[in-house]
Amino acid sequence: MYFLIEHNRTTKKTHCEEFSDYAIAQFAGLQKEQEYFHAKCHEMEVVVFEANSIDDLKRTHSRYFVTEDQSDNAAGALLAIGLIGLAIYLLNKK
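Residue numbers for the sequence shown follow the working numbering, so the first one is 10 and each next one is one higher.
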């Protein structure tokens, strides 16, 4: 199977379409790239992957399938790490 992925780098939203023919998937991808280029949607990424299933694709290319909850958790984790680093820095400065 071939999967056409349209991924918004800003919002992290992904649209996925399944194809059985590689040439058709590639053609559809090129059309999407042209649409986004002419619309000046530079945050959009268009790729075609081959995988046995959508679950395999989600496992190997998980960055395209991040949910809002996961994105919020990641941001929260980064903030917590930053605050811990700041606290350690301030404690060592004394």
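Cβ coordinates follow ideal geometry from the N, Cα and C atoms, glycine included. All values derive from a computational prediction rather than experimental measurement.
From which residue to which residue does the alpha helix (DSSP H) around residue i run?
i: residue 31; result: 31–47
i: residue 21; result: Neither: residue 21 is in no alpha helix (DSSP H) and is coded neither H nor E.
i: residue 68; result: 63–69
I'd like to confirm the pairing. Which residues does DSSP put opposite residue i in its beta bridges?
i: residue 13; result: 26, 57
Tell me the rounded alpha-carbon separation between residue i and residue j.
i: residue 12; j: residue 41; result: 13 angstroms
i: residue 22; j: residue 74; result: 8 angstroms
i: residue 24; j: residue 36; result: 16 angstroms
i: residue 26; j: residue 49; result: 22 angstroms
i: residue 69; j: residue 95; result: 34 angstroms
i: residue 61; j: residue 28; result: 12 angstroms
i: residue 65; j: residue 43; result: 28 angstroms
i: residue 45; j: residue 51; result: 7 angstroms
i: residue 100; j: residue 63; result: 48 angstroms
i: residue 59; j: residue 47; result: 27 angstroms
i: residue 97; j: residue 14; result: 42 angstroms
Give me, in chain order, the residues of the same chain whose beta-carbon lies closer than 7 angstroms to that of residue i; leave out the 5 immediate sequence neighbours on both sides.
i: residue 54; result: 16, 18
In chain order, what residues of the same chain have a beta carbon less than 8 angstroms from the beta carbon of residue i, not counting five sequence neighbours either side?
i: residue 30; result: 11
Return yes when the Cβ of residue j is within less than 8 angstroms of the Cβ of residue i, no when it is not.
i: residue 115; j: residue 57; result: Because the chain here runs from 10 to 103, residue 115 falls outside it and cannot be looked at.
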